[in-house]
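The structure appears below as structure tokens.
Protein chains: 2
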Amino acid sequence: MENFEFFNPTRIIFGKKTEDKIGKILKRDGIQRVLFLFGKSSIKSTGLYDRVIHALQKEGIQFVEHGGVKPNPVLSHAKEGIEKAKKNKVDAILAVGGGSVIDEGKTIAFGAETSGDIWEFFKRSRTIDKALPIYVILTLAATGSEMNGFAVMTKEETQEKLSVSSEHLFPKVSILNPELTYTVSSQYQAYAAVDTIAHVIEYYFSGQYCPNLQNRLIESLIKTVMENTEIILQEPQNYNARAEFMWAATLALNGITRLGIKGGEFPNHMIAHALGALYDLAHGACLSIVIPAWMKWYLEKNIKQFERFAKEIFSSKDAHEGINKLKEWFRKIGAPVTLREAGISEKDINRIAENAYSIAVVWDMAEKYSKEVLTEIIKKAND
Amino acid sequence: MENFEFFNPTRIIFGKKTEDKIGKILKRDGIQRVLFLFGKSSIKSTGLYDRVIHALQKEGIQFVEHGGVKPNPVLSHAKEGIEKAKKNKVDAILAVGGGSVIDEGKTIAFGAETSGDIWEFFKRSRTIDKALPIYVILTLAATGSEMNGFAVMTKEETQEKLSVSSEHLFPKVSILNPELTYTVSSQYQAYAAVDTIAHVIEYYFSGQYCPNLQNRLIESLIKTVMENTEIILQEPQNYNARAEFMWAATLALNGITRLGIKGGEFPNHMIAHALGALYDLAHGACLSIVIPAWMKWYLEKNIKQFERFAKEIFSSKDAHEGINKLKEWFRKIGAPVTLREAGISEKDINRIAENAYSIAVVWDMAEKYSKEVLTEIIKKAND
Numbered sequence: 003m004e005n006f007e008f009f010n011p012t013r014i015i016f017g018k019k020t021e022d023k024i025g026k027i028l029k030r031d032g033i034q035r036v037l038f039l040f041g042k043s044s045i046k047s048t049g050l051y052d053r054v055i056h057a058l059q060k061e062g063i064q065f066v067e068h069g070g071v072k073p074n075p076v077l078s079h080a081k082e083g084i085e086k087a088k089k090n091k092v093d094a095i096l097a098v099g100g101g102s103v104i105d106e107g108k109t110i111a112f113g114a115e116t117s118g119d120i121w122e123f124f125k126r127s128r129t130i131d132k133a134l135p136i137y138v139i140l141t142l143a144a145t146g147s148e149m150n151g152f153a154v155m156t157k158e159e160t161q162e163k164l165s166v167s168s169e170h171l172f173p174k175v176s177i178l179n180p181e182l183t184y185t186v187s188s189q190y191q192a193y194a195a196v197d198t199i200a201h202v203i204e205y206y207f208s209g210q211y212c213p214n215l216q217n218r219l220i221e222s223l224i225k226t227v228m229e230n231t232e233i234i235l236q237e238p239q240n241y242n243a244r245a246e247f248m249w250a251a252t253l254a255l256n257g258i259t260r261l262g263i264k265g266g267e268f269p270n271h272m273i274a275h276a277l278g279a280l281y282d283l284a285h286g287a288c289l290s291i292v293i294p295a296w297m298k299w300y301l302e303k304n305i306k307q308f309e310r311f312a313k314e315i316f317s318s319k320d321a322h323e324g325i326n327k328l329k330e331w332f333r334k335i336g337a338p339v340t341l342r343e344a345g346i347s348e349k350d351i352n353r354i355a356e357n358a359y360s361i362a363v364v365w366d367m368a369e370k371y372s373k374e375v376l377t378e379i380i381k382k383a384n385d
Numbered sequence: 003m004e005n006f007e008f009f010n011p012t013r014i015i016f017g018k019k020t021e022d023k024i025g026k027i028l029k030r031d032g033i034q035r036v037l038f039l040f041g042k043s044s045i046k047s048t049g050l051y052d053r054v055i056h057a058l059q060k061e062g063i064q065f066v067e068h069g070g071v072k073p074n075p076v077l078s079h080a081k082e083g084i085e086k087a088k089k090n091k092v093d094a095i096l097a098v099g100g101g102s103v104i105d106e107g108k109t110i111a112f113g114a115e116t117s118g119d120i121w122e123f124f125k126r127s128r129t130i131d132k133a134l135p136i137y138v139i140l141t142l143a144a145t146g147s148e149m150n151g152f153a154v155m156t157k158e159e160t161q162e163k164l165s166v167s168s169e170h171l172f173p174k175v176s177i178l179n180p181e182l183t184y185t186v187s188s189q190y191q192a193y194a195a196v197d198t199i200a201h202v203i204e205y206y207f208s209g210q211y212c213p214n215l216q217n218r219l220i221e222s223l224i225k226t227v228m229e230n231t232e233i234i235l236q237e238p239q240n241y242n243a244r245a246e247f248m249w250a251a252t253l254a255l256n257g258i259t260r261l262g263i264k265g266g267e268f269p270n271h272m273i274a275h276a277l278g279a280l281y282d283l284a285h286g287a288c289l290s291i292v293i294p295a296w297m298k299w300y301l302e303k304n305i306k307q308f309e310r311f312a313k314e315i316f317s318s319k320d321a322h323e324g325i326n327k328l329k330e331w332f333r334k335i336g337a338p339v340t341l342r343e344a345g346i347s348e349k350d351i352n353r354i355a356e357n358a359y360s361i362a363v364v365w366d367m368a369e370k371y372s373k374e375v376l377t378e379i380i381k382k383a384n385d
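If you're matching them up, the sequences are chains A and B in order. Our numbering puts the first residue of the first sequence at 3, with every later residue one more than the last. Our numbering puts the first residue of the second sequence at 3, with every later residue one more than the last.
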């Protein structure tokens, strides 16, 4: 088991009607004015917008709205949010939405406390030392951003999609009401399932040593995700299924599943981020295309772990079959598993590899993932 | 899934040689003087005492010693510690030991910030609103106290063993070096295994509804505990086994395994605390006697969960066999499974039931656990 440090100070408030507590929570923490972030107008049609406003007003919390966060959140919109936050002297960020809204909220939270080009933090040439407190009401369980210190943003001009990480970016409080995910479409539920599985298998496969305890925790999460996604696709309003999925998605990337693993990396996310930067494609869809391709390429490098995966998840003795069964399951729930299915031409493979390589450089993975290697992997995404 | 709140701000620093960092950690947090708690002189013979002193002196951290914490820590010794802490104006507690040392450390941490009779907090007539920061170097993985807000103390005069709980009692930093547990004896390793299993099965069995995700996490921990205890008993210096066990023991009672479970309680601990208050018996040994007895008594009240347990842990189709196999396993690793084996006379059953009942009153469980019921359960501990 490798040495590790674990710290996760986010307070989770989980369950029915918990979003109604947001006003009281902010007041208790001495917050007077928030920047209220959200994405599309869907929170207005579901009535959540009104309930949040009501909860804030009831406790006398002032707010400045910043709607229109994109599914792949973009730097320019975050910069507008930073200006609003500074101008209105807000003392906290309230992000109501999924991972995109939270990630842009985190970006604004540290951007409001600094000056200069915030992209430098994503390029890892500057380190975050301060951020406004972040409060979350989660409406889509997938990215795990509600209980970690990561944020991913896209810079449109350069088509770069990069991440930033800091202990200052852990949300102070995240409210998770599974009922708020009843309206998540089948398609986005499928993407959420892929994303969650991706979060736990990156280290599981790419690590040189994975403690049995971690293997078991990870497999527990994968089984929970698969079992409950199948229920949700049949019964979108099954509370327990939504709840188990939601909590599993949070645990999947709150730091706990990667502890003690030797040398793990995030290669699937690296390539998926390249797809996300270049095409208007949901993050989960990028991952469902990349994962089976990467697995096939990586199989021989960690054959025992792939055998374990096949056995534990699909009761199969064959490592290769484990990969195929996962790919089949992605297809079954409605996630694309080839570039073709996502409408991406084979001619683009070089371009994707180049973009992924630029991320590999920032993530210090370029030695292992050369452009040639990345091309080889991405080609497998059309097998 | 039931509504829940989860918050755990303890920073874990896990791995080889991590205890050498204690001076730097305290200095970074602005701590100048600590009360240095430990138990028996074993930390002196292993050299840990010297290494801690060296790490403190190197960073100019002053310290006041408070050694001699008992395995079932007693109130009178904690009170002496509180006086020392107040008199010397320490600004933090440094607990170097197992659960007993940590629990007394926590008691001193809030006792130093209050006046009056601190037993009132254990009687739950007063609530903790302040405590000195607590730092831990763990030498025995079992109680989970290194990553939670609980403390258990015994008041000798009245033979009461009660617990206290507060967010102020989460250690600020806990250092977990598995190497420090190499010297834990076979007997204490067995007790530690029982204690850890007890922590996860209390809610698992006594809850009216346990989400599948929680079932899986709990079973993962039980399997990890059993697998690694067997290795440790053969190879006391197997680093990975000590490490997996240590981390499993921490996860078992850091709050994560009980989330979303409906109506869980801690009946086995309740009865075990009575044994611990009345006899000079290690906590794990109290539990290994109580658990099979309680399980037999409770079996029919949650037969499905016992069937699940038998299947998942012992690949058995029979719920009753699951209980017997667990009892056999306790015996195999060297933990007592009857009162008789612990030298406790059958004549004492009434006295144990009375003590357990007094805890049931404080824990608000007296309706379900009358003296008659408790007597019935404890009698089964000699079957």
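We treat Cβ as the ideally placed atom computed from N, Cα and C, and that holds for glycine.
3-residue-minimum beta strand (DSSP E) runs that sit fully inside the region 23 to 77 of chain A, ordered along the chain:
35 to 39, 64 to 68
Asp-131/B to Ile-291/A span [Cα, whole Å]
52 Å
Starting from the beta carbon of Gly-69/A, find every residue of chain B whose beta carbon is closer than 7 Å, and list them in chain order.
Those within 7 Å of Gly-69/A in chain B number zero; the least Cβ separation is about 29 Å.
Measure from the C-beta of Leu-235/A to each C-beta in chain B and report whether the shortest distance is under 8 Å.
Chain B contact via Cβ: absent.
Along the chain, where does the alpha helix (DSSP H) containing Arg-128/A start, and where does it finish?
Element bounds for Arg-128/A: n/a, residue is neither H nor E.
With contact counted as at least three CB pairs below 8 Å, one residue from each stretch, are the region 49 to 69 of chain B and the region 22 to 33 of chain B in contact?
yes
Does the beta-carbon of Ser-372/A have 16 or more other beta-carbons within 10 angstroms, so that it is buried, or is it exposed?
With fewer than 16 other Cβ atoms within 10 Å, it is exposed.
Please tell me whether Thr-252/A and Gly-146/A are closer than 8 Å, where the distance is taken between their beta carbons.
yes
Would Gly-97/B and Leu-134/B be called neighbours here (beta carbons separated by less than 8 Å)?
Position check: residue 97/B holds Ala in this sequence, whereas Gly was assumed. The Cβ-Cβ distance between Ala-97/B and Leu-134/B does not fall below 8 Å.
Are the beta-carbon atoms belonging to Val-202/B and Phe-332/B less than 8 Å from one another?
no
Could you check what DSSP says for Ile-199/B in three-state terms: helix, strand or coil?
helix
Looking at the structure shown, is Tyr-211/A part of a helix, part of a strand, or coil, going by DSSP?
strand
Decide yes or no for the touch test of the region 108 to 122 of chain B against the region 3 to 20 of chain B: beta carbon pairs closer than 8 Å, at least 3 of them.
no
Is it buried or exposed for Val-363/B, if we count other Cβ within 10 angstroms and need 16 for buried?
exposed
Can you give me the Cβ contacts of Val-138/B inside the same chain, cut-off strictly under 6 Å, excluding the 5 residues immediately before and after it?
Ala-97, Ile-104, Glu-148, Pro-173, Ser-176
Against Ile-203/B, what residues of chain A qualify as contacts under a CB-to-CB distance less than 9 Å, listed in chain order?
Those within 9 Å of Ile-203/B in chain A number zero; the least Cβ separation is about 16 Å.
Which residue's Cα is closest to the Cα of Ile-354/A: Lys-298/A, His-275/A, Lys-157/A, Gly-62/A?
His-275/A
So that I know if they touch, is there some Cβ in chain B lying closer than 8 Å to that of Ile-15/A?
yes
In terms of residues, what are the limits of the alpha helix (DSSP H) holding Met-248/B?
Note, Met-248/B: alpha helix (DSSP H), 241 to 254.
Quick one: give me the first and last residue of the beta strand (DSSP E) that Glu-162/A is part of.
162 to 167
For Glu-378/A, does the three-state DSSP call read helix, strand or coil?
helix
By Cβ distance below 6 Å, which residues in the same chain neighbour Ile-273/B in space, the five residues on each side in sequence not counted?
Val-292, Ala-358
Identity of the residue in Ser-43/A, Val-339/A, Ile-63/A nearest Ala-295/A by Cα
Val-339/A
Between which two residues does the alpha helix (DSSP H) harbouring Gly-286/B extend?
285 to 300
Endpoints, the alpha helix (DSSP H) within which Tyr-184/A is located
Careful: Tyr-184/A lies outside any alpha helix (DSSP H) and carries neither H nor E.
Distance CB(Ile-315/A)-CB(Lys-298/A) smaller than 8 Å:
no
Throw me the rounded Cβ distance for the Glu-162/A and Ser-78/A pair, which I believe falls under 8 Å.
That pair is no contact at about 13 Å.
Tell me, to the nearest whole angstrom, how far the beta carbon of Leu-142/A is from that of Tyr-190/A; I am working on the premise that it is less than 8 Å.
7 Å
Are the beta-carbon atoms of Lys-81/A and Ser-102/A separated by less than 8 Å?
The answer is no: Cβ separation not under 8 Å.
Ordered along the chain, which non-local residues of its own chain (more than five positions away) have a Cβ less than 8 Å from that of Glu-61/B?
Gly-25, Lys-26, Leu-28, Lys-29
Length of the line joining the Cα atoms of Arg-52/B and Leu-39/B
Going by the sequence as given, residue 52/B is Asp instead of Arg. If I take the Cα positions, the gap works out to 14 Å.
Compare the Cα-Cα distances from Ala-144/B to each of Thr-109/B, Ala-194/B, Ala-111/B and report the closest residue.
Ala-194/B
Residue span of the alpha helix (DSSP H) that contains Leu-277/B, given as start and end:
Element bounds for Leu-277/B: 269 to 280.
Evaluate Glu-106/B with the Cβ neighbour count: other Cβ atoms within 10 Å of its Cβ, from every protein chain shown; 16 or more gives buried, anything less gives exposed.
buried
Helix, strand or coil for Lys-373/B, going by three-state DSSP, please let me know.
helix
For Ile-45/B and Gly-113/B, I'd like the C-alpha separation in whole angstroms.
25 Å
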